[in-house]
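Trainee: Counting from 1 along the sequence shown, just add 1178 to a position and that's the residue number in the numbering used here. A virtual CB, placed ideally from N, CA and C, is assigned to each residue, including glycine. Source: prediction; values computed, not measured. The structure that follows is given in the form of structure tokens.
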Amino acid sequence: MLLGSVLVLLLFGGAGAASAHAALRATDPKDGAVLKSAPRDITLTFTESVGLLDDSFRVLDPDGKRLKVGDAGHGAGGSDTARVSLPAKLAQGTYTVAWRVVSADSHPVSGAFTFSVGKPSPAIVVADTGPTENPATESLFNMGRYLAYLAAALLIGTAVFVTACRPPEPARLRRLLWAGWGTLLGSTVFLLVLRAPYESGAGPASAFSLKAFERTLTTRPGEALLVRLALLLVAYFFVVRLLRLGEQRLPRAWQAAGGALAVGLALTWAAAEHASAGIQVPVAMTSAVLHVLAMSVWLGGLAALLSTLYRAPSQLPAAVPARFSRLAFASVTVLVGTGVYQSWRGLGSWGAVTGTTYGHLLVLKLLAVTLLLAAARLSRQWTGRLVKVTAEAVPAAVVRENAPAVAVREKAPAAGVREMVPERVGGPPSAPEPAPVTPGPAAPAYRHGLHRSVLAEVAVGVVVLVLSTVLSGTLPGRAQAEAAEAGPATGGLPTASVTNLPFAVGGATGKVQITLDPGRTGDNSVQALVYAADGGLATVPELRLSFTLPAKEIGPIDAGLKNRGGYWGTNDLTLPLAGDWRMKATIRVSDVDQISVTKTVRIVG
């Protein structure tokens, strides 16, 4: 049942589009600008540092042909900028710039914008601006990320459970340890191979390009994956040593080595995701490492406890779940502290809780964590009852009053209760040992209740882990707010919908060019340019735009266009349903002359 839940979450989690983390703050030239002379460079400014690809810029001329540009590099603003040099002479017309970079937290981000030299082109050329996202590559890469998180929790959590909780016969957890180690090793190799096509937006087959693979090894995400592989090779010997323990305790030197390995593995995530970019990077990376370790100790330890309860419930001493209960409480404390900090850092404001996808996912994770805490509390209650009934089963007086010197030794009867019996170290022979005492009929019932509550913890914990992975692939609310403050869309996708509406009123003729970005259901940005009959930009005192969906009797929805100095635009148009929408533009050219033009546009889901 648990495996089925994991597979469903992986499949559904990988189905959606990935969200990038570096938001485009500004472009130079500005999107839609009409320049008197050709610019020498194109510069993009982002909300965080970005990495560049071999094909980060594609510049298309007014005829849709690709220009030969210089190598992409960072601008004067530092690593949060991307710049490319243009040819010395550019023809008059509209140019399209398609760009693609990799954000500091390893996720690719792409978009496109236009600028014109002299005057805009009279006709819009449908140009190939390059790949956006390959669905197969994206889904495979996301599934690899989910498996890596799950495997890390299983490996680290089981190792800590064996070391700290000291279950009888730790070799019973052999399969769990090797499953975590092997899955993490395989998923890391898989992510390393698929990294290049994921960044470039190409298909999975391009993963076999030697040149692309060599480039991956020089990037920070690639280096983090290589370090993870090296740590896993060292962890192999630690797992072998751990499984040879038997009833002995792991030496402190090996415990220190295991702790260092766990911290190193957690760092390979922190160094390549949210914590490595934005504000307070050192504090954020420390918090991220602690968060990953605490989550792994809790969830992986739960899986180990569940496996132990399932394989040998009658032989499990009550001290084992009691030790894990204390360990889980400490993990939860760390999770709460680091989670609050990371939420504040990612959201930036209360409005982002309800106004961003990141905030919505965070609320879902909070609800799941609340359920997890409720299940954990139930497990602690069952553990307390089991410890109590075991303690009551031990004879109250096991040492005779007239024994001059008695040492106490442990005896583990078949019932699984650690029983204290006297062992004489001097004086006359002791009386015969009393018969072993069993914990009574209540203990099996308590173990069964603990088994069910731990199973519930594991199931909800998997949901929490998947939500955490999805959050690591979602644009933080703080970055989204910073991008919104920069003004109208500077990162329109190549799939934007462009519609031309000719008009003639009061002796004036021309057309309105309306761009819907991305032209899909949900939030859209609108840019409207008014052209005169000669193809040059024209100014009008008023431009209104509304949308109606006759099939569903929705609308009219007013776009709320605002004059932004040279064009009309808004970032706040929401179209809730897919279908054929009737777009109505009302153009006023004077105090008394205005006209309304209507055209149907297709909005996809």
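Within 10 angstroms of its Cβ, does Ile-1457 collect 16 or more other Cβ (buried), or is it exposed?
Mentor: Exposed, since its Cβ has fewer than 16 Cβ neighbours within 10 Å.
Trainee: Using only CA atoms, which one of Thr-1274, Ala-1637, Pro-1375 lies nearest to Lys-1243?
Mentor: Minimum Cα distance to Lys-1243 is reached at Thr-1274.
Trainee: Ordered along the chain, which non-local residues of its own chain (more than five positions away) have a Cβ less than 6 Å from that of Pro-1348?
Mentor: Hits under 6 Å: Val-1340, Leu-1423.
Trainee: Do Arg-1218 and Ala-1276 have their C-beta atoms within less than 8 Å of each other?
Mentor: Contact: no.
Trainee: Compare the beta carbon distance of Ala-1390 and Ala-1402 with 8 Å and say whether it is the shorter of the two.
Mentor: Contact flag unset, no.
Trainee: Here's the rule: buried if 16 or more other CB atoms are within 10 angstroms of the residue's CB, otherwise exposed. What is Thr-1778?
Mentor: The residue is exposed, with fewer than 16 neighbouring Cβ atoms inside 10 Å.
Trainee: Counting Cβ pairs closer than 8 Å, one from the region 1415–1435 and one from the region 1469–1482, do we hit at least three?
Mentor: Touching, no.
Trainee: Which residues mark the beginning and the end of the beta strand (DSSP E) in which Leu-1679 is found?
Mentor: It spans 1675–1683 - the beta strand (DSSP E) in which Leu-1679 sits, taken as one unbroken run.
Trainee: For Gln-1772, which residues does DSSP report across the bridge?
Mentor: For Gln-1772, which the question treats as bridged, DSSP gives the partners Arg-1766.
Trainee: When you compare the CB positions of Tyr-1709 and Pro-1298, do they come within less than 8 Å of one another, or not?
Mentor: In this structure, Pro-1298 lies closer than 8 Å to Tyr-1709 by Cβ.
Trainee: For a quick check, are the C-beta atoms of Ile-1773 and Gly-1757 less than 8 Å apart?
Mentor: No, they are not a contact pair.
Trainee: Would you check if the region 1364–1371 and the region 1498–1518 touch, i.e. whether three or more CB-CB distances between them fall below 8 Å?
Mentor: Short answer: they don't touch.
Trainee: Candidates Leu-1388, Pro-1382, Leu-1443, Val-1644: which alpha carbon is nearest Leu-1784's?
Mentor: The first residue shown for the chain is 1179 and the last is 1783, placing residue 1784 beyond what the model contains.
Trainee: Would the region 1311–1318 and the region 1249–1263 be scored as touching if the rule is three or more Cβ pairs under 8 Å?
Mentor: These segments do not touch.
Trainee: Could you pull the start and end residues of the alpha helix (DSSP H) that Thr-1366 belongs to?
Mentor: That run of the alpha helix (DSSP H) goes 1352–1378.
Trainee: Taking the beta strand (DSSP E) that Pro-1734 falls in, what are its first and last residues?
Mentor: Per DSSP, Pro-1734 belongs to the beta strand (DSSP E) from 1732–1736.
Trainee: Output yes or no for whether 8 Å exceeds the beta carbon distance between Ser-1474 and Ile-1692.
Mentor: No. Outside cutoff.
Trainee: Have a look at Trp-1356, Gly-1400, Asp-1701, Leu-1679 and flag the residue whose alpha-carbon is nearest the alpha-carbon of Leu-1420.
Mentor: With distances taken between Cα atoms, Leu-1420 lies closest to Trp-1356.
Trainee: Can you tell me where the beta strand (DSSP E) holding Gln-1691 begins and where it ends?
Mentor: Note, Gln-1691: beta strand (DSSP E), 1686–1695.
Trainee: Does DSSP classify Ala-1342 as helix, strand or coil?
Mentor: Ala-1342: helix per DSSP, three-state reduction.
Trainee: Kindly indicate which residue of Val-1512, Ala-1282, Ser-1485, Leu-1409 has the alpha-carbon position closest to the one of Ala-1466.
Mentor: The shortest Cα separation from Ala-1466 among Val-1512, Ala-1282, Ser-1485, Leu-1409 belongs to Val-1512.
Trainee: Expressed to the nearest angstrom, what Euclidean distance is found between the alpha-carbon atoms of Ser-1234 and Ser-1454?
Mentor: Distance between the alpha carbons of Ser-1234 and Ser-1454 is about 22 Å.
Trainee: Between the C-alpha atoms of Glu-1720 and Asp-1769, what's the straight-line distance to the nearest angstrom?
Mentor: Whole-angstrom Cα-Cα distance: 10 Å.
Trainee: Let me confirm a value: Tyr-1414 is counted as buried when at least 16 other C-beta atoms fall within 10 Å, else exposed. Which label applies?
Mentor: Classification for Tyr-1414: exposed.
Trainee: Can you check DSSP and say which residues form a bridge with Ser-1281?
Mentor: Looking at the DSSP assignment, Ser-1281 forms a beta bridge with Val-1228.
Trainee: Among Arg-1406, Leu-1739, Leu-1715, Asp-1712, whose alpha-carbon lies nearest the alpha-carbon of Phe-1725?
Mentor: Among Arg-1406, Leu-1739, Leu-1715, Asp-1712, the Cα nearest to that of Phe-1725 is on Leu-1739.
Trainee: Would you report the Cα separation of Glu-1226 and Glu-1451, rounded to the nearest angstrom?
Mentor: Cα to Cα, the separation comes out at about 12 Å.
Trainee: Going by other Cβ atoms of all chains shown within 10 Å of its Cβ, with 16 needed for buried, is Lys-1267 buried or exposed?
Mentor: By the 10 Å Cβ count, Lys-1267 comes out exposed.
Trainee: I'd like to confirm the pairing. Which residues does DSSP put opposite Arg-1722 in its beta bridges?
Mentor: DSSP output for Arg-1722 lists Thr-1764 as bridge partner(s).
Trainee: Within the continuous beta strand (DSSP E) that includes Val-1782, where are the two ends?
Mentor: Looking at the DSSP string, Val-1782 is not in any beta strand (DSSP E), and its letter there is neither H nor E.
Trainee: Exposed or buried, which one is Asp-1771 when buried takes at least 16 other CB atoms within 10 Å?
Mentor: Classification for Asp-1771: exposed.
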